[in-house]
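Notes follow once the structure below has been shown.
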Amino acid sequence: MLERFFQLKAHNTTVRNEVVGGVTTFLTMAYIIFVNPSMLAQAGMDQGAVFVATCLAAAIGCLIMGLYANYPIAMAPGMGLNAFFTYGVVLGMGYTWEQALGAVFLSGIIFIFISIFKIREWVINAIPSSLKLGIAAGIGLFLAMIALKNAGIIVTNPATLVSLGDLSAPSAIYGLLGFFVICALAYLKVTGAVMIGILLITVLSMVFGQNEFGGLVSAPPSLAPTFMAMDIEGAFQISMISVIFAFLFVDLFDTAGTLVGVGQRGKLLDKDGKLPRIKKALLADSTATVVGAGLGTSSTTSYIESAAGVAAGGRTGLTAVVVALLFLLSLFFAPLAGSIPAYATAGALMYVAVLMAGSLSHVDWDDITEAAPVLIAAFTMPLTFSIADGIALAFISYAAIKLFSGQGKTVSVAVYVLAALFIAKFFIFV
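Numbering (the numbering used here), first residue to last: 21 to 450.
Given below as structure tokens:
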């Protein structure tokens, strides 16, 4: 049955290879079941409910990707987007978490329409590659800022905006130690490096009396506090347009990049370098975002960590199905997830930040009209604590610099339209 459904022989793989690939992928991304509830809880959401929503959204997304698209690509609530949800939309802009979930839901619906009506290529190709690189790096720096803040490594300072915190404080020591351990394990290619780092810091903090052990296994917490709690009507505000666009933009390009990257690693691309069944893969991703919003979590997206599972032998959707089953099994480890302190996840956030900031190496720094908007995107996201504002300023600066330098004709209409909308947001719909 598995052979017929997943076409294992056609993909030159076996059930064993798929299971190994699934387990490997899960171990590399399982940190999200600790990080996501901790982060969204700061937005006022019930941490237990978010834990269940995270596991279920990941499991459903993986099942859709595996059974419908037949790709070894795992899904879960995305890093960066969850930080934007909490620190940008709720704590920064003052919206309720219910309205933020409504924005996530609407972004998923738009994503579905983009996938169905085949305008995805136009949207993806219309955005300059330099902006994509700058936005990816900006999200990474945004995560780094959050990590350093949560660990108390940087603190507010009225004179200088920020300054160095007390590095002798336990939270700072644990945050830095976790980062060092994760980086070392990643360099040594230890599977599950991020999760090991988080759990190590959690255990150490318990041993030295800075944290309490809440238990290991129990029945899953109630999903009721967040289930279908999204405020869609409240998300229909002009000021929320940039928020919805940010969720959509990051999810769309993150997914497209992951699909191509993992597809290339697993030799799943066709002779033209394109991914077959990309429509199904994008529909799986967008549907998972809509479902995740209904359950009570930020945007669900494809994980680049899937490349680890592909390297271990995964080639078909059976790998994603295995990941889904492991996320469902994780539902019974809620007490452990609740025992993870914020500083234990700080190292993980900084590690992900390093990976995302790596996109800056691909920027054409010799062309100032390309490099300047990249830097604006990269720096304004952490400094404004908003991915949406960083994206908006990047588009405005790109269009303006190209126009003033006589290269206006090289810019797509989509960039001008988006830049105009963002200008209207800042100066008209304030």
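Note that the Cβ used here is the ideal one computed from N, Cα and C, for glycine as well.
T246 is a Cβ neighbour of A73, given a cutoff of 7 Å. Beta-bridge pairing by DSSP links T320 to P97.
Taken atom to atom, the span from the alpha-carbon of Y436 to that of F447 is near 16 Å. Per DSSP, I174 lies in no alpha helix (DSSP H) segment; the continuous beta strand (DSSP E) that holds it begins and ends at 174 to 177. Ranking A30, G254, E23, T45 by CA distance to the CA of T339 puts T45 first.
For S242, the number of other beta carbons within 10 angstroms of its own is below 16, and it is reported as exposed.
Within the stretch 43 to 129, the complete alpha helix (DSSP H) runs of at least 4 residues fall at 52 to 61, 67 to 84.
Rounded to the nearest angstrom, the gap between the Cα atoms of L121 and A78 is 16 Å. The criterion of a C-beta distance shorter than 7 Å is satisfied by A164 and A373. The residue from A391, S425, T400, I443 with its alpha-carbon nearest to that of I416 is I443. Shown here, L205 sits in a helix according to DSSP, grouped into three states. About 16 Å separates the beta carbon of V311 from that of I93, a gap too long to meet the 8 Å contact definition. By the C-beta criterion, the stretch 267 to 285 is judged to be in contact with the stretch 123 to 130, since at least 3 inter-stretch pairs fall below 8 Å. A171 sits away from S150, with the two beta carbons spaced by 7 Å or more. The criterion of a C-beta distance shorter than 7 Å is not satisfied by G283 and E38. Pairing D386 with M401, the inter-Cα distance amounts to about 23 Å. Around the Cβ of T180, a 10 Å sphere holds fewer than 16 other Cβ atoms; the residue is exposed.
Per the C-alpha coordinates, the member of A69, A354, H382 positioned closest to G235 is A354. In the structure shown, the three-state DSSP call for S225 is helix. Comparing alpha carbon positions, the residue from M49, A377, H382 closest to V210 is M49.
The C-alpha of Y91 is placed about 18 Å away from the C-alpha of G98. Counting C-beta pairs with one atom in each stretch, the stretch 218 to 237 and the stretch 348 to 362 have three or more that are closer than 8 Å, which means they touch. Within the same chain, Cβ atoms closer than 7 Å to the Cβ of P57 are found at Q67, V70, F71, T74, A357, the five residues on either side in sequence being excluded. Separation of the CB atoms of A368 and G217 is rounded to 6 Å, and the pair is thereby assigned contact status at 8 Å. When the five nearest sequence neighbours on each side are left out, the beta carbons in the same chain lying within less than 8 Å of the beta carbon of S225 are those of P190, Y194, N231, P361, Y363, A364, in order along the chain. According to the DSSP assignment, S326 belongs to the alpha helix (DSSP H) that extends over 326 to 331. Bridge pairing for V182: T176 [DSSP]. The three-state reading of DSSP puts E390 in helix, counting H, G and I together. When secondary structure is reduced to three states using DSSP, P245 falls in the coil class, being assigned neither helix nor strand.
For E23, the enclosing alpha helix (DSSP H) covers residues 22 to 26. Taking the Cα of V143 as reference, the smallest distance to any Cα among A157, V433, H31 is reached at V433.
Relative to I52, the option among T389, I407, S319, I84 whose CA is nearest is S319. Looking only at I411, A239, F25, Q427, the smallest Cα-Cα distance to I155 is reached by I411. Going by C-alpha positions, F424 is about 29 Å away from F162. F267 and M65 have their C-alpha atoms some 19 Å from each other. With a minimum length of 3 residues, there is no unbroken run of beta strand (DSSP E) contained wholly in the stretch 389 to 436.
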